[in-house]
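Residue numbers for the sequence shown follow our numbering, so the first one is 6 and each next one is one higher.
Cβ coordinates follow ideal geometry from the N, Cα and C atoms, glycine included.
Nothing here was measured: the structure is a model prediction, and the numbers come from that model.
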Amino acid sequence: MEAFAELVDKLYFTSSNLAKSAILRDYLRSTPDPDRGWAIAAIAGTLNFDLFKRKLIKDLIVERVDPVLFELSYDYVGEMSETVAHLWPTPEPSEPHENAEQSAFNKQAEKPLPSLSEVVKHFQNSTKQEVQESLIDLLNVMTPNQRWALIKLGTRGLRIGLSARFLKKILAEYAQISALTNDYQQTQEQITVEDIERVWHGVEPPYIDLFAWLEGKAAKPDISKKITFQPVMLSHPVDEELLPEMLADAYESDSPPGIASERPQAWQAEWKFDGIRVQLVVNENGKALFSRTGDDISHSFPDLLSSINAHVVSGVFDGELLAMHDGEIQSFNRLQQRLNKKKPTKKLMSENPVGMVLYDALFIDGKDLRECSLADRVDALHAWHQDKHEHFKEANQKHPVLRLSQALKFSSLAELRKLREQANHADGGFIEGLMLKKRDGRYVAGRPKGQWYKWKRDAKLIDAVIMYAQRGHGKRSSFYSDYTFGCWQDDTLLPIGKAYSGFTDAELKEIDKWVRRNTLGRFGPVKEVKKELVFEVAFDSVHESKRHKSGLALRFPRIHRIRWDKPAAEADMLSTLRSMIEK
6 MEAFAELVDK LYFTSSNLAK SAILRDYLRS TPDPDRGWAI AAIAGTLNFD LFKRKLIKDL
66 IVERVDPVLF ELSYDYVGEM SETVAHLWPT PEPSEPHENA EQSAFNKQAE KPLPSLSEVV
126 KHFQNSTKQE VQESLIDLLN VMTPNQRWAL IKLGTRGLRI GLSARFLKKI LAEYAQISAL
186 TNDYQQTQEQ ITVEDIERVW HGVEPPYIDL FAWLEGKAAK PDISKKITFQ PVMLSHPVDE
246 ELLPEMLADA YESDSPPGIA SERPQAWQAE WKFDGIRVQL VVNENGKALF SRTGDDISHS
306 FPDLLSSINA HVVSGVFDGE LLAMHDGEIQ SFNRLQQRLN KKKPTKKLMS ENPVGMVLYD
366 ALFIDGKDLR ECSLADRVDA LHAWHQDKHE HFKEANQKHP VLRLSQALKF SSLAELRKLR
426 EQANHADGGF IEGLMLKKRD GRYVAGRPKG QWYKWKRDAK LIDAVIMYAQ RGHGKRSSFY
486 SDYTFGCWQD DTLLPIGKAY SGFTDAELKE IDKWVRRNTL GRFGPVKEVK KELVFEVAFD
546 SVHESKRHKS GLALRFPRIH RIRWDKPAAE ADMLSTLRSM IEK
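(1) Would you say GLY320 and ILE281 are within 8 Å of each other, going by their C-beta atoms?
(2) Provide the residue(s) that pair with ALA543 in DSSP beta bridges, ordered along the chain.
(3) Go ahead and label ALA44 buried or exposed: buried means 16 or more other beta carbons lie within 10 angstroms of its beta carbon, across all protein chains shown.
(4) Going by other Cβ atoms of all chains shown within 10 Å of its Cβ, with 16 needed for buried, is TRP493 buried or exposed?
(5) My understanding is that GLU649 touches PHE278, with C-beta atoms under 8 Å, so please give their C-beta distance in whole angstroms.
(6) For the beta strand (DSSP E) containing ASP487, list its first residue and its last residue.
(7) Helix, strand or coil for ASP301 per DSSP?
(8) What beta strand (DSSP E) runs, 3 residues minimum, are completely inside the stretch 307-360?
(9) For TYR79, which option in LYS571, ARG521 and ARG476 has the closest C-alpha, if you only look at C-alpha atoms?
(10) Does MET85 come out as helix, strand or coil in the three-state DSSP assignment?
(11) For VAL406, does the three-state DSSP call read helix, strand or coil?
(12) What's the C-alpha gap between SER258 and SER312?
(13) Taking the runs of the alpha helix (DSSP H) that are 4 residues or longer, which of them lie wholly in the stretch 12-96?
(14) When you compare only the Cα positions, how much space is there between HIS565 and ASP468?
(15) Determine, using beta carbons only, whether TRP457 and SER240 come nearer to each other than 8 Å.
(16) Taking just the CA atoms, how far does LEU12 sit from LYS480?
(17) Can you tell which of LEU344, ALA10 and GLU289 has the C-alpha that lies nearest to the C-alpha of SER229?
(18) Is the Cβ-Cβ distance between TYR17 and ILE165 less than 8 Å?
(19) Please name the residue, chosen from ASP384, SER303 and LYS372, that lies closest to LEU344 on a Cα-to-Cα basis.
(20) Any contact between the stretch 492-511 and the stretch 441-453? By contact I mean 3 or more CB pairs, one from each, below 8 Å.
(21) Which residues in the same chain have their Cβ closer than 7 Å to the Cβ of TRP519, if we skip the five residues on either side of it in sequence?
(22) Grab the span of the alpha helix (DSSP H) containing MET440 for me, first residue to last.
(23) Straight-line CA distance for THR186 to TYR179?
(24) By alpha-carbon positions, which one of LYS551, ALA10 and GLU420 ends up nearest to ASN150?
(25) Excluding the 5 residues preceding and the 5 following ASP517 in the sequence, name in chain order all residues of the same chain whose CB lies nearer than 7 Å to its CB.
(26) Looking at PHE216 and ASP38, is the spacing between their C-beta atoms short of 8 Å?
(27) In terms of residue numbering, what span does the alpha helix (DSSP H) encompassing TRP519 cover?
(28) PHE110: buried (16+ other C-beta within 10 angstroms of its C-beta) or exposed?
(29) Looking at the strands, I want to know which residues DSSP matches up with TYR458.
(30) When the Cα atoms are used, what is the spatial distance from THR88 to LYS58?
(31) Distance, Cα to Cα, ARG462 vs LYS347?
(32) Provide the residue(s) that pair with ALA274 in DSSP beta bridges, ordered along the chain.
(33) Does the contact criterion of 3 or more C-beta pairs under 8 Å hold for the stretch 156-163 versus the stretch 69-76?
(34) Can you give, in chain order, each stretch of the alpha helix (DSSP H) that sits fully within the stretch 132-218 and has at least 4 residues?
(35) Can you tell me which of the three DSSP states PHE128 falls into?
(36) So does the stretch 291-308 actually touch the stretch 381-391, counting three or more Cβ pairs closer than 8 Å?
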């Protein structure tokens, strides 16, 4: 546990990616299994269990320090783990058996801390009471840095500035160095980040088989028969100023601008549907639906999966989950009612049926298509869908739940802009822009440059009044950076959402000063402020919500502009916002 705590402390306070990589590689080289695997799981966020709950941590600290002191400290620090790590009182050594906790402290202080794997195994196999007792024993003898690491580990809250993609890059570097050190490069091909991405979701902590492969001691883990997620390919936002240059190779070099090439275009355009990105995995061992981050959401959409016959459909398909009724795509507001439902009722599924628009395939009938071009993958997907057409008709009656995304025709930048304008004014609320994809690109996990772009429709705007402000976390823990805002209903402001992005660091400092000077009341870390400052809020859509007193909620709200010049009385009415709901 000491080595793990030292590792995360170094990583947390190191800004250089090169230095972080060296620190982690050194840890992996010097740390045995299974400790290093559990450390990687903690850093990557792949632990699927809590060793203990945040509530237990809070209950234990307020038993030991003044609750008011804890609340004030937590408010100032902005992060519970760090607050507890420094506030936790270390018992003074005393004669044995003075009291139970002192006795346990004396015994624990005489021996080294358990290893990381011992901590994980012990907490996993302990009763609720044993967890509490062991946690107290460890926190009593640990340093503040060690306490912070333990609390972050136990509550799955470790964030130390290492992205999942960068972590896999470090693992690939570790494999390459191991190959040179152990001299097995002649018998095994160099392991790349892409190789690790492709097995990552099929292996489990503490990753003993993964490390055996990385070190050349075993073959690549075989996940071919598993129902497992494959990392998806992501897009970049379009830079409109670079569009002409980006699309230049869609035309013959000697053709005038705007004249279509006789050869196939280099870019494919299609609608960007407003649903949720999903991956459908089906083979002889079963079927599952995953979110874009790899979460298994099959339980929320059993109606979709039940309509798919695993004896007929086989593959890994990339697409968009959408609300569909009688074959017609519905708005995101309809889909919203199905999200985060662990066990949807028959009534809910009947009133809000779903379907999936397929726009790519990673595997079809066991064949790996990821090294193929987008053009070839799309052709294979369309041929497969046509071949299974009769099955889909039988299984789904009139309206198949698996549909194909269709390419949009354009032969000039002007025509592409017209398509985007169509998206801006599309009715129904299920199109949120355009996707542009390089036709010769292979399927690469992550966000490769120059391959996929999203050109979203213009954001909706509303003028709202800030009502409450809350301290941020991490680097923003000293600033009031999270804002709740509302619109007018008669003479009353009703909250419609919360945002904490869209402003610069300089603007944040100005808003923070304003909040402190215009505070009306305080509720823990939240301040109520004078209803005088207007934000121009950008958002993607608005829908009805029972969570807000206003009855409305915004999707992806962000601060577009600070209207220091605008009187609060001139902010928008709730009725204006309600009129923006897309049915």
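Quick answer:
(1) Within the sequence shown, numbered from 1, the residue matching residue 320 stands at position 315. Within the sequence shown, numbered from 1, the residue matching residue 281 stands at position 276. No. Outside cutoff.
(2) Here residue 543 refers to the residue found at position 538 when the sequence shown is read from its first residue. Listed as beta-bridge partners of ALA543 by DSSP are LEU466 and ARG563.
(3) Along the sequence shown, one-based indexing puts residue 44 at 39. That one is buried.
(4) Taking the sequence shown and counting its residues from 1, one reaches residue 493 at position 488. So TRP493 counts as buried.
(5) The question about residue 649 has no answer, for the chain in this structure spans 6 to 588.
(6) For the purposes of this step, residue 487 is taken as the residue at position 482 of the sequence shown. Note, ASP487: beta strand (DSSP E), 485-494.
(7) The residue labelled residue 301 in the question sits at position 296 within the sequence shown. In the structure shown, ASP301 sits in a strand (DSSP, three-state: E or B).
(8) 320-330, all fully within the stretch 307-360.
(9) Numbered from 1 along the sequence shown, position 74 holds the residue referred to as residue 79. Comparing Cα positions, the closest option is ARG476.
(10) For the purposes of this step, residue 85 is identified with residue 80 of the sequence shown, where counting begins at 1. MET85 sits in a helix when the DSSP states are folded into three classes.
(11) Position 401 of the sequence shown, counted from the start, is the residue given in the question as residue 406. Residue state, collapsed to three classes: coil.
(12) In the sequence shown, counting from the first residue as 1, residue 258 sits at position 253. In the sequence shown, counting from the first residue as 1, residue 312 sits at position 307. Because SER258 carries a pLDDT of 43, less than 50, the predicted location of this residue cannot be relied on, and no value is offered for it.
(13) As far as the stretch 12-96 is concerned, its whole alpha helix (DSSP H) runs of at least 4 residues are 22-35, 40-49, 59-69, 72-82 and 85-92.
(14) Working through the sequence shown from its first residue, we reach residue 565 at position 560. Working through the sequence shown from its first residue, we reach residue 468 at position 463. Roughly 10 Å between the two C-alpha positions.
(15) Numbered from 1 along the sequence shown, position 452 holds the residue referred to as residue 457. Numbered from 1 along the sequence shown, position 235 holds the residue referred to as residue 240. In this structure, SER240 lies closer than 8 Å to TRP457 by Cβ.
(16) Sequence index remark: in the sequence shown, residue 480 carries index 475 (1-based). Sequence index remark: in the sequence shown, residue 12 carries index 7 (1-based). If you take the alpha carbons of LYS480 and LEU12, they lie about 21 Å apart.
(17) Numbered from its first residue, the sequence shown carries residue 229 at position 224. Of the residues LEU344, ALA10 and GLU289, the one whose Cα lies closest to the Cα of SER229 is GLU289.
(18) Mapped onto the sequence shown, residue 17 falls at position 12. Mapped onto the sequence shown, residue 165 falls at position 160. Contact check for TYR17 against ILE165 passes: the beta carbons are separated by less than 8 Å.
(19) Translated into positions along the sequence shown, residue 344 becomes position 339. Per the Cα distances, SER303.
(20) The stretch 492-511 is not in contact with the stretch 441-453.
(21) The residue given as residue 519 occupies position 514 in the sequence shown. Around TRP519, the same chain offers LEU538 as residues with beta carbons nearer than 7 Å, after the five sequence neighbours per side are excluded.
(22) Along the sequence shown, one-based indexing puts residue 440 at 435. From DSSP, MET440 is part of no alpha helix (DSSP H) but of the beta strand (DSSP E) over 436-443.
(23) On the sequence shown, residue 186 is found 181 positions in, with the first residue counted as 1. On the sequence shown, residue 179 is found 174 positions in, with the first residue counted as 1. Each residue's alpha carbon lies about 10 Å from the other.
(24) The count along the sequence shown starts at 1 and reaches residue 150 at position 145. Closest by alpha carbon: ALA10.
(25) For the purposes of this step, residue 517 is taken as residue 512 along the sequence shown, with counting starting at 1. Only PHE484 and TYR485 meet the Cβ criterion.
(26) Locating residue 38 in the sequence shown gives position 33, counting from the first residue. Locating residue 216 in the sequence shown gives position 211, counting from the first residue. With contacts defined by Cβ atoms closer than 8 Å, ASP38 and PHE216 form a contacting pair.
(27) Residue mapping note: residue 519 aligns to position 514 of the sequence shown, counting from 1. For TRP519, the uninterrupted alpha helix (DSSP H) run begins and ends at 510-522, by DSSP.
(28) Residue numbering aside, residue 110 sits at position 105 when the sequence shown is read from its first letter. Low confidence applies here, because PHE110 scores a pLDDT of 47, under 50, leaving its location unreliable and the question unanswered by this model.
(29) As a first step, residue 458 must be located in the sequence shown, where it is residue number 453. DSSP, once it has assigned bridges, lists HIS241 and LEU441 as partnering TYR458.
(30) Locating residue 88 in the sequence shown gives position 83, where the first residue counts as 1. Locating residue 58 in the sequence shown gives position 53, where the first residue counts as 1. Rounded to whole angstroms, THR88 and LYS58 show a C-alpha spacing of 16 Å.
(31) Taking the first residue of the sequence shown as 1, we reach residue 462 at position 457. Taking the first residue of the sequence shown as 1, we reach residue 347 at position 342. Going by the C-alpha atoms only, they are around 32 Å apart.
(32) What you label residue 274 is simply residue 269 of the sequence shown in a count that begins at 1. DSSP lists LEU413 and LEU441 as partners of ALA274.
(33) Touching, no, given that fewer than three Cβ pairs across the two stretches are closer than 8 Å.
(34) Annotation note: the stretch 132-218 contains the following uninterrupted alpha helix (DSSP H) runs of length 4 or greater, listed N- to C-terminal: 133-146, 149-159, 169-187 and 198-205.
(35) Within the sequence shown, residue 128 is the residue found at index 123, counting from 1. DSSP places PHE128 in helix when its eight states are reduced to three.
(36) No contact exists between the stretch 291-308 and the stretch 381-391.
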